[in-house]
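Visitor: Mapping of the sequence shown onto full-length UniProt numbering: residues 1 to 357, in sequence order. Idealized CB from N, CA, C, for every residue including glycine.
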Amino acid sequence: MKLDVNALRYLSKDDFRVLTAVEMGQKNHELVPIELIDSISGLKHGGTFKSIKTLMRHKLLHHDSKYYEGYRLTYMGYDFLAIRALVSRGHISGVGRQIGVGKESDIFEVTNDDGEVFALKLHRLGRTSFRAVKSKRDYLGRRQNYSWLYLSRLAALKEFAFMKALYEHGFPVPQAIDNNRHAVLMGLVNARPMVQIRTMAHPASVYLSCMELISRLAGKGLIHCDFNEFNLLIDEDEELTLIDFPQMVSVTHANAEELFYRDVDCIIRFFSKKIGYVPEQDPKLPYVRPVFAEVVAAAAADGEGALDVELEASGFRRQDQQALEEYLAGAREEEEEEGDEEEGEEEEEEEGEEEEG
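Take a look at the structure:
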């Protein structure tokens, strides 16, 4: 999604009061009527509608009259609120090129007044996994119309908290700098996504680094739940950086062991299929798969602080965690179904090529 922030300089304080009023109104309304926007913003007669016209011209608000006249934030409208907050805190002064795009996030280069460059991640839960959002509406209750803002904000809040804690405990993750709404500001890592890599100088070493990182996380009470080539960055020295943390769960989670081994299997599959290195066939490896029970037991024996407990006490409410987990579980199911279909198509293509040969 293209992010044109030039309009920021042309928006008035009243425009942002109206934008914020719509955001507040969406907590309980799918579409926010102009009377409510007027009431929340506190603008004088006519001021609200003038700002609405400006905001719609810049595509920050969407108007709908299907059931009744009302307005809602667009993705860009929510982006502007978050970016304005980060600018006012002095953390960023400019937004540059887009450097990453996921199914449910966009990442941009940003700079501050000192010329330092950072990464700004904007969460967009619900952009693609509409089934997952729909299936969780009963749980979200009255928040169903606020779901994409609500869930994206929760994802950013959790990612910031987990990234900050992991960085402080010496894990190879970006430095967490700030968070507002659905936005996470972090240090920029000079590395490439591992999914883009097809050859490695030392595949066994990188593979073991992956397994050790999965084990270290579990030793601190956490499972990544999406530990794969898309969420690992690798630099020229083949050093790894782990990213993307909204889906992380505690080792006390009901499905912890299954999720742990799913992360392990994702890495084995990547190295076997894409790098051409099959861990099971390397006799020099000290081990192929870490054992979940052993990792957790060893950590308990060492008496090290558990990050899952620390983070649960950090203010991320259990009901928020449950809402986010349920949504992400639904999204994972969709991805697995799509992955199975794609794998089947690849196998059919390979069989067809063999027959032609």
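1) Between which residues of its own chain and Ser205 is the CB-CB distance below 8 Å, once the five residues before and five after are set aside?
2) Taking DSSP as the reference, what is the three-state secondary structure of Phe230?
3) Can you name, in chain order, every residue of its own chain whose Cβ lies under 7 Å from the Cβ of Asp113, other than the five neighbours on each side?
4) In its own chain, which residues sit with a C-beta less than 7 Å from the C-beta of Arg153, not counting the 5 before and 5 after it?
5) Is it buried or exposed for Leu222, if we count other Cβ within 10 angstroms and need 16 for buried?
6) When burial is assigned at 16 or more other CB atoms within 10 Å of the CB, is Ala165 buried or exposed?
7) In terms of residue numbering, what span does the beta strand (DSSP E) encompassing Ile92 cover?
8) Determine the DSSP secondary structure at Ile107, reduced to helix, strand or coil.
9) Taking just the CA atoms, how far does Lys121 sit from Gly187?
10) In angstroms with no decimal places, state the Cα-to-Cα distance between Glu104 and Met200.
11) Is Leu213 buried or exposed, if buried means 16 or more other CB atoms sit within 10 Å of its CB?
12) For the candidate residues Pro203, Glu109, Ser147, Ala155, whose alpha-carbon lies nearest to that of Glu189?
13) Can you tell me which of Pro279, Gly115, Lys50, Lys220 puts its alpha carbon nearest to the alpha carbon of Gly96?
14) In the structure shown, what three-state DSSP assignment does Asn180 receive?
15) Roughly how far, in whole angstroms, is the beta-carbon of Ile243 from the beta-carbon of Met194, given that I think they are within contact range, below 8 Å?
16) By the three-class DSSP mapping on this structure, what secondary structure does Phe118 have?
17) By how many angstroms is the C-alpha of Arg72 removed from the C-alpha of Phe292?
18) Can you tell me whether Ile267 is buried or exposed? The criterion is at least 16 other CB atoms within 10 Å of its CB, across all chains shown.
19) For Lys41, collect the residues of the same chain with a Cβ closer than 7 Å to its Cβ; drop the 5 residues on either side in sequence, then sort them by chain order.
20) Where does Lys136 fall in DSSP's three states?
21) At what residues does the alpha helix (DSSP H) containing Thr54 begin and finish?
22) With distances taken between CB atoms, is the gap from Glu179 to Ala155 smaller than 8 Å?
23) Between the C-alpha atoms of Phe162 and Glu310, what's the straight-line distance to the nearest angstrom?
24) Quick check on DSSP: helix, strand or coil for Ser39?
25) Check whether the Cβ atoms of Leu185 and His253 sit closer than 8 Å, and answer yes or no.
26) How would you call His45, buried or exposed, if buried means at least 16 neighbouring beta carbons within 10 angstroms?
27) Are the CB atoms of Glu229 and Phe171 within a distance shorter than 8 Å?
Guide: A quick look at the data gives this:
1) Glu238
2) coil
3) Ser93
4) Arg181, His182
5) buried
6) buried
7) Careful: Ile92 lies outside any beta strand (DSSP E) and carries neither H nor E.
8) strand
9) Roughly 11 Å between the two C-alpha positions.
10) 29 Å
11) By the 16-neighbour rule on beta-carbons within 10 angstroms, Leu213 is buried.
12) First, the residue type needs correcting, since residue 189 is Val and not Glu in the sequence shown. Comparing Cα positions, the closest option is Glu109.
13) Gly115
14) strand
15) With 8 Å as the limit, Ile243 and Met194 do not qualify as a contact, their Cβ atoms being about 10 Å apart.
16) strand
17) In a straight line, the C-alpha of Phe292 is about 46 Å away from that of Arg72.
18) buried
19) Before going on, a small fix: residue 41 reads as Ser here, not Lys. Within the same chain, Ser41 has close Cβ partners Arg17, Val18, Ala21, Thr48.
20) Reliability fails at Lys136, whose pLDDT of 47 lies under 50, so the model's placement of it is uncertain and the value that follows must be treated cautiously. It is coil, neither helix nor strand.
21) 47-57
22) Note on residue identity: the sequence assigns Asn, not Glu, to residue 179. Contact flag unset, no.
23) So the two alpha carbons sit approximately 10 Å from each other.
24) helix
25) no
26) That one is exposed.
27) At least 8 Å separates the beta-carbon of Phe171 from that of Glu229.
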